[in-house]
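These protein sequences, in sequence, are chains A and B. Counting from 1, one number per residue, gives the positions in the first sequence under the working numbering. Counting from 1001, one number per residue, gives the positions in the second sequence under the working numbering. Quick notes on the structure that follows.
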Amino acid sequence: MVRLNVIELEKSEYTGGKSSLCPGCGHDQISNNIIQAAWENGIQPEKIAKMSGIGCSSKTPAYFLGKSHGFNTVHGRMPSVTTGANMVNKDLSFLAVSGDGDTASIGIGQFIHVIRRNLDMVYIVENNGVYGLTKGQYSATVEKGSKKKKGVPNQQAPIDLCAMAINLGCSFVARSFSGSKKQLSALIRAAMSHRGMAFIDVISPCVTFANNDESYKSYNYVKANDEVLHILDYIPHFSPLEEVEVPDGEFREVNLFDGSTLRLETVAAEHDYTDAVSALRAIHESEKAERHVTGLLYYDENVPTATDALGLSDTPLVELAEDLLRPSEDSLERVNASFRS
Amino acid sequence: MTALGTKRTMEKTVNDFVINVATANGTGSQTSNLIILHSMFEMGFPVSGKNLFPSNISGLPTWFIIRVSDLGYQAPGDVTNIQVLMNKDTWLKDLEGLEPGAIVVYNEDIKLPVEREDCVLLGMPMTKMARKINPKLGRLIANMYYVGAIAHLLGIDESAIEKAVQVQFKGKEKAVELNMQAISEGISFARENWEFESHFCVESREKNPDSFLIEGNEAVALGAIYGGISMLSWYPITPSSSLAESVIGWLPELRKDGAGGSTCAVIQAEDELAAVGMVLGAGWAGGRGMTCTSGPGISLMSEIIGLFYFSEVPGVIWDVNRVGPSTGLPTRTQQGDLSMLYEASHGDTQHIVLIPGTVDECFEFGWRAFDYAERFQTMVFGFSDLDLGMNRWETTGFQYPDGPMDRGKVIRSQEEMDTIVNYGRYRDVDGDGIPFRTLPGSGLDPILNRGTGHDEDGVYSEDPQVYYDTMERLKRKIDGSRPNLPEPVIREEEDKELGVIFYGSMENTIVEIDDMLGEAGISVSTCRVRALPMHPEVEDFVRRHDMTIVLEINRDGQLFGIIRKEFPTELIPKIHRVAYSDGMPPRARVYSDKILEVLNEVA
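Here's what the structure looks like:
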């Protein structure tokens, strides 16, 4: 029997074209998680807008959600294009995919400002530390001392996108690993249930240019050095009892905008996701220990979104009738008269 | 009194003179200048004002040129008839540059020599008098004394002045009273101390009660609001900031829904790259997005402008041209961006450019730009400049759009989709080069829009034939806009000796140029281009004339270059150029002399 989701669609309604990435690429696993998350959450595929910039990661919207409109824009400018689309149609669910080159280098300005605006979108960075499409140059997120097969080691300190996002007041900040299916799926589903900027930095190994074991973003390295903050369970609003067992130990529950819940089961010490300082401490301590901290790092439900802050019409602007977009002829007479007096 | 004017009697010159007011910026002189301008406008004769200001907040030289002309000439004249000296830094140079016979009104409290025996020298202790009525605001109010001086010399109606002061200070009683007192004292001082009767004077004319003065930028802003703009993104840059600020200023009054929500989003972007990206996103999602900028901003936006063109997304960008290249002269005017706009971004591109020459056209093209953008699914430029955008020009009131909005070829339902045979996002199903599109959220035949090569269904493709066909269709699409875009404004003489092609703010100088050439015995037809790609009538105009000169405010003749590229080879030998730019608004004499030079060379 074919399985249907809550809006009675098959999973095939959420798939896309065939991937042309290297076999084993972490990005393909993320695409699969996106398909799974959108299907499980029962989102109308046509209400999703897929956004991306340029790079290996930014090609992936062709490989998922084939029933959704999308825009593969230019390098580093996905956030602004998403902003414009969000302004005129705030009811679309924006799902954006970017890479570490696209976000941490050429697009870092737009990354910063789209967070400051708290645009209502899911922003996934598929972070592998290299420029894949141009054949393996270091990106700005690669660790200091990282060495490719040929050439000199990277000399510069890495940019931690999660730390930046937290410092900028991002309302939802998480880190995950393309190989952690359960954690990543829960985080993407929770991000889709959030209203505002949901940023997920996903470490996604580049099997062609940076999968040597000493590379911090290789499969083996991440598997061995993943510092999991908590076990995650996503409980959708439409099915609160969906196959989720209540954990034996301590847990906290994050109430998301659409009524869904993200349950965080304490692993070692409890992580306070409402405290930016402790989130930043977790990031810096794991960096010092040459490990990757993963999970929901920071969450704040009380940040107004970009469209809230502007006091826009409740109706998405693209749906407004002409008489609301073009003021009346009488009003123009009044405007003219105001200059004559 | 150090320099009293000498009494002279001369024939009166009515409503035909140029005043130049030299001040420093940040001293409040713009208010005084606008009071002079508006009080003259109130008296009903044609008057124009040009603000030559520095890229600075306080202390650098500023000049305000007022041209009064019953013939309607609006360019700065060739000579200054009345010079007001308020700025010590330019004092000597301003004096030196005057023609003999000029009238000099100067602030006596600036202790600098006024050595021009061949001019009429009229001093007034403006700062001292101003401090007497308000010690704190003395520096600002001093400027009102030259308003009084000018009013006395020219005979401006006191009622007209009072009305201009009221408008300028928005009826704030205290400010009106204080400034009127200063102006009155200025008038009295002049009357009592200057034994000089000016031969320049003003006479009231019948004023059209409908007319008013407005800056081009505000006219574009209103046009955009009446064009249904739904998203404005912008990054501050002189001289376009006041365009965005005018939109922001008018939105609360004109663009609220029944529940008080705004029907247009405004975002001050982090830079021009983001501003134009937002316009792209808005247009893709089905909205009417716009940004405004100047040359440096266009340079930054160029990459995404190419994406507009290639992925066929509507959007509007207004370029209020300032002087380039690079940072250039940020507060001076030029038509130096035209060729950049027409072919902005890498690879083969071609963009629609609307070129208003009056504030009425600023308003009209402000709303029409959105219709063209959605009809042709492309980025449309509005091309204004600092002179048109930031100076005040006359209109009798803006005309309401003459038809409903043109939302272009958008499929909004499955039923509409079913009527199209073999739909593809980039398939030309009806021969006009414009494909149909669907919007995100509709679920109708979605594609991943992209800047990479794509076939008629929007699927990635590097196929040579597919690329070639796409580029040919795009060419056909934009070429197809020619007859639909604003047609040129042609004023044609019977004898088709010389045709002058020009565009944009040169409109405000062309009549004077025409008259000067007429005095030299040359009959001139004129053709004002109002859009790129050019309307077919422009070529016909060239064909009908023995010789054509393309007149432009830039160095190289940018429209001339476009014409040479696009017009048939046999027409090229009779097309010539006069291109000149020094940052100043065009002065008629400069251009008419250059036209005469070209005529001599050709002869």
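Glycine included, each C-beta is placed from N, C-alpha and C at the ideal position. All figures in this text were calculated on a predicted structure; none of them were measured in a lab.
Let me know if residue i comes out buried or exposed under the rule of 16 or more other beta-carbons within 10 Å of its beta-carbon.
| i | result |
| --- | --- |
| Pro304 of chain A | exposed |
| Met1 of chain A | exposed |
| Ile7 of chain A | exposed |
| Asp1140 of chain B | It should be pointed out that residue 1140 of chain B corresponds to Leu in this sequence rather than to Asp. Under this definition Leu1140 of chain B is a buried residue. |
| Leu21 of chain A | buried |
| Met1001 of chain B | Low confidence applies to Met1001 of chain B: its pLDDT is 36, below 50, so where it sits in the model is not reliable, and the reading given next is rough at best. That one is exposed. |
| Asp201 of chain A | buried |
| His1346 of chain B | exposed |
| Asn1107 of chain B | buried |
| Thr1569 of chain B | exposed |
| Leu325 of chain A | buried |
| Asp1495 of chain B | exposed |
| Lys59 of chain A | buried |
| Leu4 of chain A | exposed |
| Glu214 of chain A | exposed |
| Gly1097 of chain B | exposed |
Can you tell me whether DSSP reads residue i as helix, strand or coil?
| i | result |
| --- | --- |
| Gln1465 of chain B | helix |
| Thr266 of chain A | strand |
| Gln1558 of chain B | helix |
| Pro1061 of chain B | strand |
| Glu126 of chain A | strand |
| Asn1051 of chain B | strand |
| Asn1081 of chain B | coil |
| Glu1497 of chain B | coil |
| Tyr216 of chain A | coil |
| Tyr1309 of chain B | helix |
| Val114 of chain A | helix |
| Gly1101 of chain B | coil |
| Phe1041 of chain B | helix |
| Leu1344 of chain B | As written in the sequence, residue 1344 of chain B is Ala, which differs from the Leu given in the question. Three-state result, Ala1344 of chain B: coil. |
| Thr1006 of chain B | Confidence at Thr1006 of chain B is low in this model, with a pLDDT of 46, below 50, so the placement of that residue should be treated as unreliable; the coordinate-derived value is given next. Here Thr1006 of chain B sits in coil by DSSP. |
| Gln1268 of chain B | strand |
| Phe1200 of chain B | strand |
| Asn1449 of chain B | strand |
| Ser57 of chain A | helix |
How would you list, in chain order, the residues of chain B whose beta-carbon sits under 9 Å from the beta-carbon of residue i?
| i | result |
| --- | --- |
| Met164 of chain A | Residues of chain B passing the Cβ test: none, with the nearest at roughly 15 Å. |
| Val246 of chain A | Neighbours of Val246 of chain A on chain B: none; closest Cβ ~38 Å, over 9 Å. |
Give me the Cβ distance between residue i and residue j, rounded to the nearest whole Å; I'm assuming they're in contact under 8 Å.
| i | j | result |
| --- | --- | --- |
| Lys217 of chain A | Asn154 of chain A | Not really, about 12 Å apart at Cβ, beyond 8 Å. |
| Val1147 of chain B | Ile1035 of chain B | 5 Å |
| Leu95 of chain A | Ala85 of chain A | About 12 Å; that fails the 8 Å criterion. |
| Ala1588 of chain B | Met1506 of chain B | Wrong, their Cβ atoms sit about 10 Å apart, outside the cutoff. |
| Ile1553 of chain B | Gln1335 of chain B | 4 Å |
| Ser1230 of chain B | Leu317 of chain A | 4 Å |
| Trp1393 of chain B | Tyr1226 of chain B | Actually they are not in contact, since the Cβ atoms of Trp1393 of chain B and Tyr1226 of chain B sit about 19 Å apart, beyond 8 Å. |
For residue i, which residues in chain A fall below 8 Å Cβ to Cβ?
| i | result |
| --- | --- |
| Phe1041 of chain B | Within chain A, no residue comes near Phe1041 of chain B; the closest Cβ sits about 11 Å away, beyond 8 Å. |
| Ala1269 of chain B | Ser80, His113 |
| Pro1401 of chain B | Arg326 |
| Ile1225 of chain B | Pro327 |
| Asn1398 of chain B | As written in the sequence, residue 1398 of chain B is Phe, which differs from the Asn given in the question. By Cβ distance, chain A contributes Leu332, Val335, Asn336. |
| Ser1481 of chain B | By Cβ distance, chain A contributes nothing, its closest Cβ being about 22 Å from Ser1481 of chain B, past 8 Å. |
| Met1231 of chain B | Gly84, Met87, Val88, Leu317 |
For residue i, verify whether its CB is less than 7 Å away from any heavy atom of the ligand GTP.
| i | result |
| --- | --- |
| Ile1513 of chain B | Here there are no bound small molecules, and the ligand GTP is not part of this structure. |
Can you pull the chain A residues whose beta carbon is under 7 Å from the beta carbon of residue i, in chain order?
| i | result |
| --- | --- |
| Met1303 of chain B | The displayed chain sequence assigns Glu, not Met, to residue 1303 of chain B. Val74, listed in chain order. |
| Thr1263 of chain B | Ser313, Leu317, Leu320, Leu324, Leu325 |
| Ala1149 of chain B | Under the 7 Å cutoff, chain A gives no residues; its nearest Cβ is about 28 Å from Ala1149 of chain B. |
| Gly1408 of chain B | Residues of chain A passing the Cβ test: none, with the nearest at roughly 13 Å. |
Given that residue i touches chain A, what residues does it touch there, using C-beta distances under 9 Å?
| i | result |
| --- | --- |
| Asn1449 of chain B | His69, Gly70, Phe71, Asn72, Thr73 |
Output, in chain order, the set of chain B residues within a Cβ distance shorter than 7 Å of residue i.
| i | result |
| --- | --- |
| Phe339 of chain A | Phe1212, Ile1214 |
Selection of the stretch 38 to 49 of chain A by Cβ proximity to chain B, strictly under 8 Å: Gln44, Pro45, Glu46, Lys47, Ala49
Near-chain A residues of the stretch 1364 to 1389 of chain B - C-beta to any C-beta below 9 Å: Listed in sequence order: Trp1367.
Under 9 Å (Cβ pairs) to chain A, residues found in the stretch 1233 to 1261 of chain B: Ser1233, Trp1250, Glu1253, Leu1254, Arg1255, Lys1256, Asp1257, Gly1258, Ala1259, Gly1260, Gly1261
Residues of the stretch 113 to 145 of chain A whose Cβ lies closer than 7 Å to any Cβ of chain B, in chain order: His113
Selection of the stretch 1275 to 1297 of chain B by Cβ proximity to chain A, strictly under 7 Å: Gly1277, Met1278, Val1279, Leu1280, Gly1281, Ala1282, Trp1284, Ala1285, Gly1286, Gly1287, Gly1289
Members of the stretch 93 to 110 of chain A near chain B, C-beta cut-off 8 Å: Gly109, Gln110
Contact residues within the stretch 181 to 215 of chain A, judged by C-beta distance below 8 Å to chain B: none
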